[in-house]
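With the numbering used here applied, the sequence shown corresponds to residues 7 to 159, in that order.
A short write-up of the structure that comes next.
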Amino acid sequence: MASMQKRLQKELLALQNDPPPGMTLNEKSVQNSITQWIVDMEGAPGTLYEGEKFQLLFKFSSRYPFDSPQVMFTGDNIPVHPHVYSNGHICLSILTEDWSPALSVQSVCLSIISMLSSCKEKMIHVDATIMNLLAEDSPTEKMSTLIIQSFEL
7 MASMQKRLQK ELLALQNDPP PGMTLNEKSV QNSITQWIVD MEGAPGTLYE GEKFQLLFKF
67 SSRYPFDSPQ VMFTGDNIPV HPHVYSNGHI CLSILTEDWS PALSVQSVCL SIISMLSSCK
127 EKMIHVDATI MNLLAEDSPT EKMSTLIIQS FEL
């Protein structure tokens, strides 16, 4: 537990002193707990998300850095992106099977910026729960409608 807190203190300081472009630590979020952070994010200039503001919620388990942090978009503005679920969960391999203790909050932030910046078209992620609900009646017709609607965004 002490090594986890020491690592988080080090990463917190690094994020405060040298944040990735468009990222700012929400200082109030770390006042009560070192294991839950909110990072304010602004869409990168020249991208589909330019000028948009987002919030990322980082949650760290007692096994951090051996387990990845839980990271999700939170708040009123969840980006419309093929790798972001409507509930804010992010589909990014370094947050699951490709996590390494050598990675940091800064590297996760940079990966998320890169993911959003490389997007060529805003499309919703088709949530599995929606797909399951739609599959109950006339799955082919409803699935076609959902796919068409996602391209119209």
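Every residue, glycine too, gets a C-beta built ideally from N, C-alpha and C.
Check                                                                                                                                                                           : Outcome
What is the C-beta distance between I1 and F72, in whole angstroms, given that I count them as a contact (C-beta under 8 angstroms)?                                            : Given that the chain is displayed from residue 7 to residue 159, the structure contains no residue 1 and the question cannot be resolved.
The beta strand (DSSP E) with L62 in it runs from where to where?                                                                                                               : 59-65
Can you round the beta-carbon distance between H89 and M47 to whole angstroms, since I take them to be within the 8 angstroms contact cut?                                      : That belief does not hold up - the Cβ atoms of H89 and M47 are roughly 15 angstroms apart, past 8 angstroms.
Within the same chain, show all residues whose beta-carbon is closer than 6 angstroms to that of N93, passing over the 5 residues directly before and after it, in chain order. : none
From N138 to V45, what does the alpha carbon distance come to, in whole angstroms?                                                                                              : Note that N138 has pLDDT 49, beneath the 50 cutoff, so the model's placement of it is unreliable and no number is given.
Beta-carbon within less than 6 angstroms of Q76's beta-carbon, same chain only, minus the 5 sequence neighbours each way: which residues are those?                             : K65
Could you tell me which of M7, A8, Y55, E17 sits nearest to A108, measuring between CA atoms?                                                                                   : E17
Let me check understanding here. Comparing Cα to Cα, which of D104, L21, G28 lies closest to A60?                                                                               : The amino acid at residue 60 is misidentified as Ala; the sequence shows Phe. When only C-alpha atoms are compared, the closest one is G28.
Taking DSSP's pairing of strands, which residues face I44 in a bridge?                                                                                                          : L63
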